[in-house]
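Below is one structure, written out as C-alpha cells; the observations come after it.
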Amino acid sequence: MRDDARPVMTTAQRRIYEKTGNPPQTAALDDPLDPFESPRPSLAEQMAARKKPAKYRNTKCEHEGIKFDSRREMAHWFELVQQQAAGLISDLRLQVPFVLTERKQRDDGTWERASKYVADFTYMRRGKLVVEDVKSEATRKNRAYIQKRKQMLDKHGITVKEIK
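Residue 1 is where the sequence shown starts when you use the UniProt record's numbering, and the numbers rise one by one after that.
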C-alpha cells in the first residue's frame, strides 16, 4: 500500500497507534462497506433528540382537533365551555385576531405589514365583549405583549383580562 493512499494521522493519533497497535477512530479511516458498523441516526432523529424545551416551559396540547398553547389554556377553555352551556356567557370564540395598526405603504413603495393581537378567548357577558388571555407570570412581563395590550385599550377600548 502506498503511503499517500492512507489518510494522514495527527501526531497524537500516530503515537497512540504505535503504542497500542489500534488505528485511530476517525471518519477518514472508517470503511464505508463495513457490515458491522452501527447505523447513524437520520437527520430527523438527530433534530428530535436536540429539541429545545418551550421558551416559557408550556406544553402544547390538542383536544378534538383544537390546538392549545398550554395545558392551562386548555383547562380554561373547558371552564368557558361549561359557562356557555350554563348560559352565563355567549358567543364563545377561540384565537380571535384584532388589527392594531393597518397595513400601510412606505415612501419607497414597499408595504409595512399590519400589526395584530390574537386573543386566546372572546365571549359576550351581559351584552359586553370580554377578551381573555391566559398568561403566566413570565409572559405577563413580555414587552411585546404589554405594548399590544395597551394598543388594544387605545384602539378598540378593550381591556384584556389576564388569566393566571
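Note that CB positions come from ideal geometry on N, CA and C, so glycine has one too.
Residue range of the unbroken beta strand (DSSP E) whose run includes residue i
i, result
"M124", "115-125"
"T101", "90-101"
"M162", "According to the sequence as given, residue 162 is Glu; it is not Met. Counting along the chain, the beta strand (DSSP E) containing E162 begins and ends at 160-163."
Span of the alpha helix (DSSP H), counted from its first residue to its last, around residue i
i, result
"K150", "143-151"
"Q76", "In the sequence as presented, Gln is not what sits at residue 76; that position holds His. It spans 71-85 - the alpha helix (DSSP H) in which H76 sits, taken as one unbroken run."
Same chain, Cβ closer than 7 Å to residue i, five either side skipped, listed in chain order
i, result
"R15", "none"
"A114", "V99, T101, E102, R103"
"P97", "K116, V118"
Check whether residue i and residue j have beta carbons under 8 Å apart
i, j, result
"I163", "K128", "no"
"Y56", "T139", "yes"
| With a cut-off of 8 Å, do at least 3 Cβ pairs link the segment 80-93 to the segment 105-118? | no
- Task: Check whether the segment 77-88 touches the segment 111-129, taking contact to mean three or more Cβ pairs, one atom from each stretch, closer than 8 Å.
- Result: Three or more Cβ pairs closer than 8 Å define a contact, and the segment 77-88 meets that threshold against the segment 111-129.
Would you call the segment 62-71 and the segment 149-160 touching, i.e. three or more CB-CB distances under 8 Å? no
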